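Protein chains: 2
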Amino acid sequence: MDHAEIEKGYVDLDPIFGPGSVAVIGATDKPGKVGHAIMLNYIDVGFSGRIYPVNLNAGSTIMGYRAYRSVLDIGEDIDLAVIAVPADSVPDVLDECGRAHVRGVVVVSGGFAEVGATELQASIVEVAKRYGMPMIGPNCLGVMDVRARNDTLFLPTFKIDRPKVGGVSFVSQSGSVGSTTLDLISGAGFGLSRFISYGNAATIDETDILRYLMHDVHTQVIVLYVEGVKRGRAFIDVAREVTSMKPVVVLKAGTTQAGAAAARSHTAALAGSDEAYDAVFRQYGFVRANDTDELLDFAKIFDTQPLATGSRVAVITNGGGHGILATDALYHNGLELARLSAKARRRLRGAMPGTVNIALPLDIGGDADAQRFEDALDAVGGEPTVDALIVIVLFQTPGADEKVVESIMNFGARREKPMVVVSVGGSYTRSHAAVMESSGIPVYRSASAAARSIAALVRYARYRERVRAEAEAAAVASKH
Amino acid sequence: MDHAEIEKGYVDLDPIFGPGSVAVIGATDKPGKVGHAIMLNYIDVGFSGRIYPVNLNAGSTIMGYRAYRSVLDIGEDIDLAVIAVPADSVPDVLDECGRAHVRGVVVVSGGFAEVGATELQASIVEVAKRYGMPMIGPNCLGVMDVRARNDTLFLPTFKIDRPKVGGVSFVSQSGSVGSTTLDLISGAGFGLSRFISYGNAATIDETDILRYLMHDVHTQVIVLYVEGVKRGRAFIDVAREVTSMKPVVVLKAGTTQAGAAAARSHTAALAGSDEAYDAVFRQYGFVRANDTDELLDFAKIFDTQPLATGSRVAVITNGGGHGILATDALYHNGLELARLSAKARRRLRGAMPGTVNIALPLDIGGDADAQRFEDALDAVGGEPTVDALIVIVLFQTPGADEKVVESIMNFGARREKPMVVVSVGGSYTRSHAAVMESSGIPVYRSASAAARSIAALVRYARYRERVRAEAEAAAVASKH
Numbered sequence: 005m006d007h008a009e010i011e012k013g014y015v016d017l018d019p020i021f022g023p024g025s026v027a028v029i030g031a032t033d034k035p036g037k038v039g040h041a042i043m044l045n046y047i048d049v050g051f052s053g054r055i056y057p058v059n060l061n062a063g064s065t066i067m068g069y070r071a072y073r074s075v076l077d078i079g080e081d082i083d084l085a086v087i088a089v090p091a092d093s094v095p096d097v098l099d100e101c102g103r104a105h106v107r108g109v110v111v112v113s114g115g116f117a118e119v120g121a122t123e124l125q126a127s128i129v130e131v132a133k134r135y136g137m138p139m140i141g142p143n144c145l146g147v148m149d150v151r152a153r154n155d156t157l158f159l160p161t162f163k164i165d166r167p168k169v170g171g172v173s174f175v176s177q178s179g180s181v182g183s184t185t186l187d188l189i190s191g192a193g194f195g196l197s198r199f200i201s202y203g204n205a206a207t208i209d210e211t212d213i214l215r216y217l218m219h220d221v222h223t224q225v226i227v228l229y230v231e232g233v234k235r236g237r238a239f240i241d242v243a244r245e246v247t248s249m250k251p252v253v254v255l256k257a258g259t260t261q262a263g264a265a266a267a268r269s270h271t272a273a274l275a276g277s278d279e280a281y282d283a284v285f286r287q288y289g290f291v292r293a294n295d296t297d298e299l300l301d302f303a304k305i306f307d308t309q310p311l312a313t314g315s316r317v318a319v320i321t322n323g324g325g326h327g328i329l330a331t332d333a334l335y336h337n338g339l340e341l342a343r344l345s346a347k348a349r350r351r352l353r354g355a356m357p358g359t360v361n362i363a364l365p366l367d368i369g370g371d372a373d374a375q376r377f378e379d380a381l382d383a384v385g386g387e388p389t390v391d392a393l394i395v396i397v398l399f400q401t402p403g404a405d406e407k408v409v410e411s412i413m414n415f416g417a418r419r420e421k422p423m424v425v426v427s428v429g430g431s432y433t434r435s436h437a438a439v440m441e442s443s444g445i446p447v448y449r450s451a452s453a454a455a456r457s458i459a460a461l462v463r464y465a466r467y468r469e470r471v472r473a474e475a476e477a478a479a480v481a482s483k484h
Numbered sequence: 005m006d007h008a009e010i011e012k013g014y015v016d017l018d019p020i021f022g023p024g025s026v027a028v029i030g031a032t033d034k035p036g037k038v039g040h041a042i043m044l045n046y047i048d049v050g051f052s053g054r055i056y057p058v059n060l061n062a063g064s065t066i067m068g069y070r071a072y073r074s075v076l077d078i079g080e081d082i083d084l085a086v087i088a089v090p091a092d093s094v095p096d097v098l099d100e101c102g103r104a105h106v107r108g109v110v111v112v113s114g115g116f117a118e119v120g121a122t123e124l125q126a127s128i129v130e131v132a133k134r135y136g137m138p139m140i141g142p143n144c145l146g147v148m149d150v151r152a153r154n155d156t157l158f159l160p161t162f163k164i165d166r167p168k169v170g171g172v173s174f175v176s177q178s179g180s181v182g183s184t185t186l187d188l189i190s191g192a193g194f195g196l197s198r199f200i201s202y203g204n205a206a207t208i209d210e211t212d213i214l215r216y217l218m219h220d221v222h223t224q225v226i227v228l229y230v231e232g233v234k235r236g237r238a239f240i241d242v243a244r245e246v247t248s249m250k251p252v253v254v255l256k257a258g259t260t261q262a263g264a265a266a267a268r269s270h271t272a273a274l275a276g277s278d279e280a281y282d283a284v285f286r287q288y289g290f291v292r293a294n295d296t297d298e299l300l301d302f303a304k305i306f307d308t309q310p311l312a313t314g315s316r317v318a319v320i321t322n323g324g325g326h327g328i329l330a331t332d333a334l335y336h337n338g339l340e341l342a343r344l345s346a347k348a349r350r351r352l353r354g355a356m357p358g359t360v361n362i363a364l365p366l367d368i369g370g371d372a373d374a375q376r377f378e379d380a381l382d383a384v385g386g387e388p389t390v391d392a393l394i395v396i397v398l399f400q401t402p403g404a405d406e407k408v409v410e411s412i413m414n415f416g417a418r419r420e421k422p423m424v425v426v427s428v429g430g431s432y433t434r435s436h437a438a439v440m441e442s443s444g445i446p447v448y449r450s451a452s453a454a455a456r457s458i459a460a461l462v463r464y465a466r467y468r469e470r471v472r473a474e475a476e477a478a479a480v481a482s483k484h
């Protein structure tokens, strides 16, 4: 066990995510270089800590900051060193970090196990362990902590949108899946807590990171992209623990033979059989996503909606066709259409025009306005037979405007059940969807995405419920 | 058989799609009214024909156009009458249209069979048939012909984006699915030929429309949303014929018992068993979409890419993780990863950096620039063992910029195989994706959507190939 692990019982990544001071080793004035892009990002995102550019060939300054030839020359406490120097130089640079008591390092440099240089990788592992220095990488994008404005990514800010602060933490073995998903998250209406691309995972792997995020108060939902788990037994140990505390949405790549072969040459991941992974994911309540769309769709509902174990879903729509598609989608995903009580039907009969058929899916008509949406939500939303709601708002219709958005947001603020909105369309629709998402109402682009996401929520809620019941039963048994 | 049918052997919808003159019956100066929205759209989209507002209570003008109290007062040839008056008045108005020799009508008014007024609906059917006047509706949005700038939709232009001119025609039983999909199409990078929301299908139904579009030279791809087919036998007759000429992508709603029940109350559609529909769709080579996303994804590939019957797909990527996801997605969709010949491998070895693993999926590295994309495309694209290409361009990386877009577009213009691009990300990515789509290269938001779309293309190409072979065999047999 490393020094850092002994303190907290798990690897402490605090200095890496929320450092007070950062040394960028390999920093340079030359645009296009990784060390330049990293410096630029620290400056652009407004990092509030101290920044120390380090380069063996440095003059007196780099990008306007006082420059150092070695991390040992800085003479101040360094929380995080981001290392972007050629692979050959990494062992020495890392040793200097250890001697300078740097509290954590991110090695973005590539050229290690992923290209067969296993000895070189072993040598940096040895150095990191010798100093008990938590090390992310090599061959990774590193970390982003939106709250701390800490961003080791060497991707230009104009190329990738940066998300707002939120409760989702995203762990990615792949830098490319990591960066694209980050970019999508920025437009997806929910906020990010922490992002980590851990690359070759020479020391710190997905298991360490899960354990750390499990204890992280800012992380409500964990999203994981993984090609192969490094330590199966340890992963299983943490798996049960973490999912009893917060949802973990996982996208596993390499599910087919050919995909697994590709994964081996990518991050040298032992992909294992998909059946084995699926069994573990199921047993420990991981929410499995089949593609990057589902990864985001599921993260969004977990980030914003309360858990619910019931599968009876009410559908309210101002477009009949989408109501039918939503109904189909419910049953395709193991959910069911809720039924209305006589009381709710009477109430709706009083509030809706005569042409509205009082049943679920409730098609309130293409001429529905905010008042009608409000009446429908009030009558249906309060029903004890309704476990969750899908509200389909087609903004192409004459009556659907910002007042409908307001009605839904007002109702959303009051209710205790999961509610998602489906709004399908172009620019006018997207602008209204963004407003709803900013108030914590997830908006989906199709009824099928909405139904899949509710089904994921219900599956996880039932897992949590079962785990809780088992724990209670065990506690009772132990008393007797 | 109606008069119009006798001429061409099928119902001629030319006057409805591309009229030289339009009477808007129910036109009004009052904003918010359907008749106002329709007039506004005709003016806004720049309809080049003559516009005649008609209203029983009209003064001398409506919205600046000379107004008429009856279509009979116009005294000019009217190709299309768009009827937006209360349901009770429709029979009389329709009779006037017949007497005025109007060549086609769209009845947008609701209040017929969908609310149980079957007699009223029967009465308008009687009038339309008596005059041999093709009638779309009632209870529909009507038609949009992008080329003719003919737009009967009563949806404000600011609420719904209008697509550019293209080869996809979209037939929707549901107005809401129709309008939302139109809105999405506008942002989806492909153009529309004709749109038709046919509502209650009192006379003209999906079968008539398919037959018409089959003969329409501007329609390359037909997209169909249907809740239930009106005339099963006739539909099957046209089904075989149309799919031997152009692809038909179909989204069938009401696939579950509850969904079918909802469909019955929506457009009084007899949904039938999903198994029966699926059997027909399979037998006649319809491309079935499972949701609105797939509807668009499939339409896009058919609109822009050549058919190919081979299932060996090459994947080129500047992000390893997405290459693995794409590989998985190929096999999940019945496709396979292509293999490279020794010659192509040699060529790639010469052109790629030493760190690039020369195999498919070909991960050309996070630092790949336009030249490397070009070299990879040239070496892989020409391989006879490669039937189709997925090019994954992650614009978050430093080397991926407008020059890469240019390389891909240049290659795209030369090749004869299906090629799709996957670009996942936010605003910077979307701007580059839009450029590629404008040159006929479909861009998908995920590898799984790309693989599903290629699989749909291959399935249909194989159907066409089989039909062609059967026809040839039959021709040979008939000679002996």
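Heads up: the protein sequence lines correspond to chains A and B, in order.
Sequential numbering of the first sequence, starting at 5, is according to our numbering.
Sequential numbering of the second sequence, starting at 5, is according to our numbering.
Quick reminder that beta carbons are idealized off the backbone N, C-alpha and C, glycines included.
All values derive from a computational prediction rather than experimental measurement.
Asked                                                                                                                                                                                               : Found
Measure from the alpha carbon of Gly136 (chain B) to the alpha carbon of each residue in B:Ala91, B:Tyr14 and B:Asp367, then state which is nearest.                                                : B:Tyr14
Below 8 Å on the Cβ atoms is my contact criterion, and I expect Leu145 (chain B) with Pro167 (chain B) to pass it. Report the Cβ-Cβ distance as a whole number of Å.                                : Their Cβ separation, rounded to whole angstroms, is 14 Å, which puts Leu145 (chain B) and Pro167 (chain B) out of contact at 8 Å.
Spatial neighbours of Ala192 (chain B) within its chain, please: C-beta separation below 7 Å, excluding the five flanking residues on both sides.                                                   : Leu300 and Lys304
Looking at the strands, I want to know which residues DSSP matches up with Ser25 (chain B).                                                                                                         : B:Arg54
Considering only residues of the stretch 375–449 of chain B, which uninterrupted alpha helix (DSSP H) runs meet the minimum length of 4 residues and lie entirely inside it, listed in chain order? : 406–418 and 431–442
According to DSSP, simplified to helix, strand and coil, what is Asp6 (chain A)?                                                                                                                    : Annotation note: pLDDT 48 at Asp6 (chain A) (below 50); position unreliable, coordinate value reported separately. Coil at Asp6 (chain A), not helix or strand.
For the stretch 156–167 of chain B, enumerate the residues whose C-beta is nearer than 8 Å to any C-beta of chain A, in chain order.                                                                : Phe158, Leu159, Pro160, Phe162, Lys163, Ile164 and Asp165
Report the option in A:Ala465, A:Ser435 and A:Thr321 whose CA atom is closest to the CA atom of Gly314 (chain A).                                                                                   : A:Ala465
Helix or strand or just coil, what does DSSP make of Ala473 (chain A)?                                                                                                                              : helix
Can you give me the Cβ contacts of Glu469 (chain A) inside the same chain, cut-off strictly under 7 Å, excluding the 5 residues immediately before and after it?                                    : Thr313
Can you tell me where the alpha helix (DSSP H) holding Ile213 (chain B) begins and where it ends?                                                                                                   : Glu210 to His219
Smallest Cα separation from Lys163 (chain A): which of A:Ala41, A:Gly79, A:Ala355 and A:Ala374?                                                                                                     : A:Ala41
Could you list which residues in chain B have their beta carbon closer than 8 Å to that of Tyr335 (chain A), in chain order?                                                                        : Thr260, Gln261, Ala262 and Gly263
Please find out if some non-hydrogen atom of the ligand ATP comes closer than 7 Å to the beta-carbon of Met356 (chain A).                                                                           : The model depicted lacks the ligand ATP and carries no ligand whatsoever.
Tell me Asn137 (chain A)'s beta-bridge partners as DSSP assigns them.                                                                                                                               : Checking the displayed sequence, the identity of residue 137 (chain A) turns out to be Met instead of Asn. None, per the DSSP bridge assignment.
What in chain A is Cβ-close to Gly179 (chain B), meaning under 7 Å?                                                                                                                                 : Gly370
Residues of chain A with CB closer than 7 Å to the CB of Gln125 (chain B), please, in chain order.                                                                                                  : Chain A residues near Gln125 (chain B): none, gap ~15 Å exceeds 7 Å.
How far does the alpha helix (DSSP H) with Gly42 (chain B) in it reach, from first residue to last?                                                                                                 : The amino acid at residue 42 (chain B) is misidentified as Gly; the sequence shows Ile. Residues Val38 to Asp48.
Take Ile78 (chain B) as the anchor and find which of B:Glu100, B:Gly68, B:Asp92 and B:Pro95 has the nearest alpha-carbon.                                                                           : B:Glu100
By alpha-carbon positions, which one of A:Ala438, A:Val471 and A:Asp155 ends up nearest to Gln287 (chain A)?                                                                                        : A:Val471
Is it buried or exposed, His222 (chain B), if we count other Cβ atoms within 10 angstroms and call 16 or more buried?                                                                               : buried
Which same chain residues, not among the five before or five after Gln309 (chain A), have their C-beta less than 6 Å away from its C-beta?                                                          : Pro422
Would you tell me roughly how many angstroms separate the C-alpha atoms of Gly53 (chain B) and Pro138 (chain B), rounded to the nearest one?                                                        : 20 Å
Using a cut-off of 8 Å between C-beta atoms, extract the partners of Glu231 (chain A) located in chain B.                                                                                           : Gly325 and Ile328
When you compare the CB positions of Ala348 (chain B) and Val384 (chain B), do they come within less than 8 Å of one another, or not?                                                               : yes
I'd like to know whether the C-beta of Asn204 (chain A) is nearer than 8 Å to at least one C-beta of chain B.                                                                                       : no
Below 8 Å on C-beta distance, what does Thr359 (chain B) contact in chain A?                                                                                                                        : Gly114, Gly115 and Val119
So does the stretch 194–213 of chain A actually touch the stretch 225–242 of chain A, counting three or more Cβ pairs closer than 8 Å?                                                              : yes
Buried or exposed: Lys256 (chain A), going by 16 or more other Cβ atoms within 10 Å of its Cβ?                                                                                                      : buried
Give the interface partners of Gln400 (chain A) over in chain B, defined as CB-CB distance under 7 Å, in chain order.                                                                               : Leu159, Lys163, Ile164, Ser183, Thr184 and Asp187
Is it the case that the Cβ atoms of Gly338 (chain A) and Pro357 (chain A) are separated by a distance below 8 Å?                                                                                    : no
With a Cβ-Cβ cutoff of 8 Å, do Asp379 (chain B) and Ala342 (chain B) count as a contact?                                                                                                            : no
So which residues on chain B does Pro365 (chain A) lean against when the C-beta distance must stay under 8 Å?                                                                                       : Ala266
Excluding five sequence neighbours on each side, which residues of the same chain lie with their C-beta closer than 6 Å to the C-beta of Met413 (chain A)?                                          : Ser443
Is Val409 (chain B) close to chain A? Criterion is C-beta to C-beta, closer than 8 Å.                                                                                                               : no
Based on the DSSP secondary-structure assignment, which residues constitute the bridge partners of Lys256 (chain A)?                                                                                : A:Val230
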